[in-house]
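Here's the structure we're looking at; comments come further down.
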């Protein structure tokens, strides 16, 4: 399935970056309290991923990867080959990003790209990762993302469907670069974590996060805590959606509004808060929480009590009814949002 506006879950993305003097196109909403400015960039296709480092920020579409400095000036706009198709939502980190394409034989190919060297791409044919007893293996392309990197980008978690057993497994790769991060030193599959009680007959994965040193995987049939050494623990059995941090603690949301739980011991134990909450897919940006009811729909700002959420005043010409919003983050005093093929920035998020 090609990635475009017909994605099963189109999405929002919030950007934030840097210093004061930036090349914007102009103030889109000077007559209201919401002050938006538009970054001088427009991608060819829908922006479906973003990432910020202390020194630059990045966006990705199905056919482009772009980097910007902390003054929002373009460092690079890189074309990306679509091959025979592009699948899923790519994953970005400081030095490496992950894509999934299909080759001329309609087989899935994992692509690992270097953020600052377009000449070197490490590819893995997914079927080559299958074990001796596996009939077939494919990367899950319909979750919120194709996987998740650890905070330092050296460990990558990728979910796969295993057939004929029809269950999920998680593949942990270790990625090493040269000192300048301009070439791959090694890419090694170090752990395979089978989830035999999570059926893959339908697409059941929701989100994957790396928080406070561990991975978290949520699904229609529960949630797991995965350590970087490959140890797993099933922490919930019901339909859970997303994990996030706030004020030093971990929280997890569920399909049911009363399933918001808190952990004060880094995910070892969880306590239900026993209050109805509007939170679903949650992003923490500078200790401001934003939630989406589904991937791709507009972000709402979460109230301080973690229960309600308010609509954001958007730039002129953009509507909450659109479904082109992917991600959210904060950097150097500003919030950044991608909306369709453009990026907007504001110093203060204003709610209705």
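Numbering (the numbering used here), first residue to last: 55 to 406. Built from N, CA and C at the ideal position, the CB exists for glycine as well. Computed from a prediction, not measured in an experiment: that's the story for all the values here.
Please say whether residue j and residue i have beta carbons closer to each other than 8 Å?
| i | j | result |
| --- | --- | --- |
| residue 242 | residue 258 | no |
| residue 312 | residue 330 | yes |
| residue 278 | residue 286 | yes |
| residue 296 | residue 336 | yes |
| residue 103 | residue 381 | yes |
| residue 266 | residue 304 | yes |
| residue 100 | residue 357 | no |
| residue 214 | residue 145 | no |
| residue 92 | residue 388 | no |
| residue 223 | residue 248 | yes |
| residue 161 | residue 141 | no |
| residue 118 | residue 98 | yes |
| residue 334 | residue 342 | no |
| residue 124 | residue 207 | no |
| residue 177 | residue 193 | no |
| residue 391 | residue 338 | no |
| residue 226 | residue 321 | no |
Helix, strand or coil: how does DSSP classify residue i here?
| i | result |
| --- | --- |
| residue 129 | strand |
| residue 180 | helix |
| residue 297 | strand |
| residue 407 | Nothing can be reported for residue 407, as the shown portion of the chain is limited to 55 through 406. |
| residue 249 | strand |
| residue 240 | strand |
| residue 112 | strand |
| residue 215 | strand |
| residue 105 | strand |
| residue 186 | coil |
| residue 263 | strand |
| residue 405 | strand |
| residue 173 | strand |
| residue 80 | Confidence at residue 80 is low in this model, with a pLDDT of 37, below 50, so the placement of that residue is unreliable and no value is reported for it. |
From the DSSP output, read off the bridge partner residues of residue i.
| i | result |
| --- | --- |
| residue 396 | 96 and 393 |
| residue 290 | 277 |
| residue 338 | 343 |
| residue 164 | 154 and 178 |
| residue 223 | 214 and 248 |
| residue 285 | BP columns for residue 285 are empty, so no partner. |
| residue 196 | For residue 196, which the question treats as bridged, DSSP gives no partner whatsoever. |
| residue 268 | 265 |
| residue 385 | 388 |
- [ ] Would you list, in sequence order, the uninterrupted beta strand (DSSP E) runs of no fewer than 3 residues that lie entirely inside the stretch 342-381?
- [x] 342-346, 354-356 and 363-365
Open item on the list: Taking 8 Å as the cut-off, does the stretch 127-138 touch the stretch 182-199 (at least 3 CB pairs, one atom from each stretch)?
Closed with: no
TODO: Note down, one range per segment and in chain order, each beta strand (DSSP E) of at least 3 residues found wholly within the stretch 116-162.
DONE: 118-123, 128-133, 140-146 and 150-156
TODO: Evaluate contact between the stretch 165-173 and the stretch 192-200, counting only Cβ atoms and requiring at least three cross-stretch pairs below 8 Å.
DONE: no
Open item on the list: My parser needs the alpha helix (DSSP H) runs of 4 or more residues fully inside the stretch 298-329; what are they?
Closed with: none
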